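Residue numbers (full-length UniProt numbering), protein chains in the order written: chain A, 1 to 259; chain B, 1 to 267. Below: the structure, in structure tokens.
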Ligand SMILES: Nc1ncnc2c1ncn2[C@@H]1O[C@H](COP(=O)(O)OP(=O)(O)O)[C@@H](O)[C@H]1O
Ligand SMILES: [Mg+2]
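So this is what it looks like as structure tokens:
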């Protein structure tokens, strides 16, 4: 049985004047410990799909099951990191990262010290009493990452976590996130529009098309790349090969679209 | 640029700032002194009607005389407590009501037109009704202070509540928070600056409500002092009342501003 299963999901947004179909007939299953990327142009419904998996709203059609159980709302086993960090500016770093524990009434010493050690793992132990405005973009993103991990979810949903960062910071954070998730044995879904990032970080890449959002192809990353950290993977010959393959696929979609 | 030149230009910059500040204060004091002086002279020479416009000296003497008996202090005390209670309660109750509207979107849709009408209505026009309903006393004047502040508080605070970035609420929801958590952890702290600025507006509004109420009830307070001075044609008394109100209102406004700076220094 798959860990996380999406069954024939479609999503249509309604407004007074119009209706937009953002997703159509999405089915896929995620194994425990798997790292999946959703790759596609902006507006193809990636954020919509993550919000559905996060339990923020039910899909118009279809369902999500977690270990065979129907998902009815936000679930403790699912952590969601939004497209921007959305750290609370009126809370310190400490209050931000402990928020999940506070809301779940789990603020005991063990959980708190575990969260602090996570903060240390991402290199931010000195920032506990700072406010988010005092941090750089990369630091803020790491705080948001720790905030999501603090309640110990088994699945992490990451919505373009590196898109607002400069290239160098982005490469460093890719490694950090990849290693941290691996060490803690997490399952992850990463949303990105960066082909290289998808290849370097994930085991499976799911390619989406636009209007409406559909799955067009699924790629498996070769074993040789899976074992490497993202930075090293980017320098492996298999990386370029796969990049080429996905690139061609995308070109073809574009051609089909314009016809 | 090396360090010494930077330090030197910085020093020059500070010097310039200081000089400008000095000039501003100088011109301000100059205007004040000229105004008072001109007022005194034109009143003495009869260029303006001394009965109507009094004079700074006469207002000063009246103040000295009043300070020796307790009646002035009781007037000031009454008016101050009405105003402070009025704007605090108005802001507090208004915020509570705005919270209720946020919690129940259906209610907010239903009440929307009523709030618009109430906001457009000049609240002091309700004064006579209040006095008949609550009696010509402290309560009805306080009610004026509250009434005049509460509607605008509800409207401004509620609109701040519903304009909070919805993604903050999504963060709370995915971290396992309830609607109450959303309110306590996000809505309220995000709108704190708005509530403080409403408090500032309400200081001014509460004075209007309270003075108006005292005009109508005409028993005690600075508003009563002014209306009494008007009735016996003692404009020195009227102007003294005005002067005291101006000073007190300014102090109150400054205090709220200090509070504001203290409370939202981290944003
Ligand atoms: N709340 C919403 N109401 C109406 N339409 C929406 C809403 N959210 C997204 N959409 C539409 O759905 C489509 C997919 O959006 P989104 O999921 O944000 O795509 P992506 O994250 O891939 O850029 C877009 O056409 C967008 O305009
Ligand atoms: Mg998106």
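A virtual CB, placed ideally from N, CA and C, is assigned to each residue, including glycine. Since the model is a prediction, treat every value here as computed from it, not as a measurement.
Taking residue 39 of chain A as reference, the option from A/183, A/227, A/201 with the minimal CA-CA separation is A/201. With a threshold of 7 Å, the Cβ atom of residue 141 of chain A does not count as near ligand 2, since no heavy atom of the ligand is closer than that.
Contact of residue 105 of chain B with chain A is not assigned, every C-beta pair being separated by 8 Å or more. Not one heavy atom of ligand 1 is found less than 7 Å from the C-beta of residue 3 of chain B.
Interface annotation, residue 173 of chain B: in contact with chain A, CB-CB separation under 8 Å. Contact annotation: residue 155 of chain A and residue 79 of chain A have beta-carbon atoms nearer than 8 Å.
For residue 166 of chain B, there are no C-beta contacts with chain A under 8 Å, since the nearest C-beta of that chain is about 10 Å from it. Across the structure, residue 37 of chain B and residue 235 of chain B are spaced so that their CA atoms are roughly 19 Å apart. Around residue 57 of chain B, no beta-carbon contact reaches into chain A at under 8 Å, the shortest distance being about 53 Å. A distance criterion of 7 Å places the beta-carbon of residue 107 of chain A beyond contact range of ligand 2, judged by its closest non-hydrogen atom. According to the DSSP secondary-structure assignment, residue 69 of chain A is paired through a beta bridge with A/66. Per the coordinates, the alpha-carbon of residue 99 of chain B lies some 30 Å from the alpha-carbon of residue 79 of chain B. Straight-line spacing of the CA atoms in residue 126 of chain A and residue 117 of chain A works out to 12 Å. For residue 10 of chain B, the nearest beta carbon of chain A is not closer than 8 Å to its own beta carbon. Within the segment 178-197 of chain B, contact with chain A at the beta-carbon level (separation under 9 Å) is assigned to 178, 181, 185, 186, 189, 190, 192. Any Cβ of chain A closer than 8 Å to the Cβ of residue 170 of chain B would place that residue at the interface, and such an atom is present. Shown here for residue 224 of chain B: same chain residues with a beta carbon closer than 8 Å to its own, the five before and five after excluded, namely 75, 214, 215, 217, 218 in chain order. When C-alpha distances from residue 92 of chain B are compared across B/34, B/154, B/50, B/77, the shortest belongs to B/154.
Sequence-distant Cβ neighbours of residue 8 of chain A in its own chain, meaning closer than 7 Å and more than five residues away, are 25, 27, 61, 62. According to the DSSP assignment, residue 224 of chain A belongs to the alpha helix (DSSP H) that extends over 223-226.
Collapsing the DSSP output to three states places residue 31 of chain A in coil. Here residue 115 of chain A really is in contact with residue 97 of chain A; their C-beta atoms are around 6 Å apart, less than 8 Å. No Cβ of chain B is located within less than 8 Å of the beta carbon of residue 204 of chain A. Per DSSP, reduced to three states, the secondary structure at residue 207 of chain A is strand.
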